[in-house]
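Written below as structure tokens is the structure these notes are about.
Numbering (the numbering used here), first residue to last: 19 to 438.
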């Protein structure tokens, strides 16, 4: 048994995967533990209403994060993975992507100024949105796609462990009453910006990557290369955050707070799969482009990762009431069913990552993935608009699950139709 294990670890590909997985698992473990510490504290200190206010601001700003990411977490990762031995090409990729990201950051900031200047929903609390916008700058500065592409995820882990731990400690020190809710986005933004700044320093020192102005046609080629996955990412965000935003307009911040509390737990559970899927992606980019390896590889990760997702979903659904009571208290117990129903969403979300990211995107069939997302996201938003005013939180749950299942069926249908 140990001989087989040593043989597996000795394989360079397995060794890289294991190292990246451990780094990402450590990071995701931190992402899992810290919210379990800070979320109950914030919910109890701020109350459902202020927590709902923060959730709405976060949902709005998430659209700007998607815009500035522009799908580069997949396309740029793929390009870096292919050219990681060519320093000149890496400099070109890094510089082009950062130019595009800062251009999109400027556009995002202009849009935010328009929102807080001309719309009452935003102008009543402009400071909240500007403070939350700091996370967008942090995301732009932190090129996680580069570290993924060169398969050096340990750097991501170290940076995030330090900044997220300091952020969690600061929450407990400074947030003492409901009126301190401004400090939450302020501290989050500061942590993101510091992490991003230090990551750029590491890229310069460890990988000898230097920013340089690129030719217009080079930048536009990277812009065009990311368009399909940008649409996919934008639609994915629309798929998940439109419910919170619509709910904010048709109900009150307290109801939004109850829903968002369950959704935060759901996101923490989803995050358990992030190190697995992120560590698999560079390997998938290699495997699925080898005809004799593609289908056996996908079947293998489908069985293992999908099986784990199914078991975890069932466990959390059955224990949702004691979980919510333990973390948020008796005030939220009537909304524990929200977490239970979200486990259906979790299962199909993991399946869709395997099909859409590990298979279609890795084999450069971005258009197929995008077409499927268009169908699913459009149906979800339409259902949200129709159902949320009448059924509130239940309308979101039905719409989101329907959208995920439709995405699964759409991708599978196109795969069989196109014989991929």
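Glycine residues also receive a C-beta, built at the ideal position from the N, C-alpha and C atoms.
For residue i, three-class secondary structure by DSSP
| i | result |
| --- | --- |
| residue 381 | coil |
| residue 166 | helix |
| residue 365 | helix |
| residue 347 | coil |
| residue 119 | helix |
| residue 319 | helix |
| residue 431 | helix |
| residue 244 | coil |
| residue 176 | helix |
| residue 410 | coil |
| residue 339 | helix |
| residue 230 | coil |
| residue 418 | helix |
| residue 171 | coil |
| residue 100 | helix |
| residue 89 | coil |
Cβ pair residue i, residue j closer than 7 Å
| i | j | result |
| --- | --- | --- |
| residue 370 | residue 425 | yes |
| residue 210 | residue 153 | yes |
| residue 410 | residue 269 | yes |
| residue 70 | residue 274 | yes |
| residue 264 | residue 406 | yes |
| residue 135 | residue 82 | no |
| residue 229 | residue 114 | no |
| residue 194 | residue 57 | no |
| residue 203 | residue 159 | no |
Exposure label - residue i; buried when at least 16 CB within 10 Å
| i | result |
| --- | --- |
| residue 106 | exposed |
| residue 124 | exposed |
| residue 244 | buried |
| residue 340 | exposed |
| residue 128 | exposed |
| residue 59 | exposed |
| residue 96 | buried |
| residue 250 | buried |
| residue 226 | exposed |
| residue 231 | exposed |
| residue 408 | exposed |
| residue 132 | exposed |
| residue 422 | buried |
Notebook entry, point to check: Is there contact between the region 234-245 and the region 183-191, where contact requires at least three CB pairs shorter than 8 Å?
Noted result: Per the Cβ contact rule, the region 234-245 is not in contact with the region 183-191 (fewer than 3 Cβ pairs under 8 Å).
Item checked: Cβ contact (3+ pairs, closer than 8 Å) linking the region 349-366 and the region 218-225 -> The region 349-366, when compared against the region 218-225, does not touch it at the 8 Å Cβ threshold.
Check: Is the region 135-154 in contact with the region 106-119, if contact means three or more CB pairs nearer than 8 Å?
Finding: Contact between the region 135-154 and the region 106-119 is absent, because fewer than three Cβ pairs lie under 8 Å.
Check: At a cut of 8 Å, does the region 191-207 reach the region 245-256 through at least three beta carbon pairs?
Finding: Counting Cβ pairs under 8 Å, fewer than three are found: no touch.
Note to self: Tell me whether the region 312-328 and the region 90-106 touch, counting them as touching only if at least three CB pairs, one residue from each stretch, are closer than 8 Å.
What the structure shows: Flag = no, the region 312-328 and the region 90-106 do not touch.
Item checked: Cβ contact check for the region 393-405 and the region 319-338: 3 or more pairs under 8 Å -> Not touching, per the Cβ criterion.
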